[in-house]
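Notes for the one structure printed next.
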Amino acid sequence: MTGEISPPNRVHTAQDVVGTLLRGNWAIFAHEWADPEGIDPKHWRDVVQAAAEAAGVDVEFVVVPRRSLTVVFNRAAPPTFEQVRASIEVIERHRA
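Residue numbering for the sequence shown follows the numbering used here, beginning at 87 and increasing consecutively.
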């Protein structure tokens, strides 16, 4: 890993999220990305959890209420605190 955090990249399926986790990265769901059709943070976690279980990936979710974000990572390749903090900063800049 280069240590650089890329700009936010939206993926479209839970399998895409799991693929990201299998590559040693993590994913962040900004809660404002929720939609009226039911993709709220809890539903997103449930769908990603099911896809991860199907792929044999042990995942961890961390909800950051003050930032309205949910972080998910592969427990076999967890990011450092600094990496997650940098990712959150990127999301915050993208929001502005």
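By construction, the Cβ of each residue, glycine as well, lies at the ideal position given by its N, Cα and C atoms.
| Check | Outcome |
| --- | --- |
| Could you tell me the alpha carbon to alpha carbon distance between P122 and S173, rounded to whole angstroms? | 26 Å |
| Within the continuous beta strand (DSSP E) that includes A116, where are the two ends? | W112 to A116 |
| Can you tell me the Cα-Cα spacing of R181 and A138, whole angstroms? | 28 Å |
| Just the C-alpha distance for G110 and R152, rounded to the nearest angstrom, thanks. | 26 Å |
| From which residue to which residue does the beta strand (DSSP E) around V104 run? | Careful: V104 lies outside any beta strand (DSSP E), inside the alpha helix (DSSP H) at A100 to L108. |
| Could you work out which residue in N160, A162, L155 and D144 is closest to R171 when comparing CA atoms only? | L155 |
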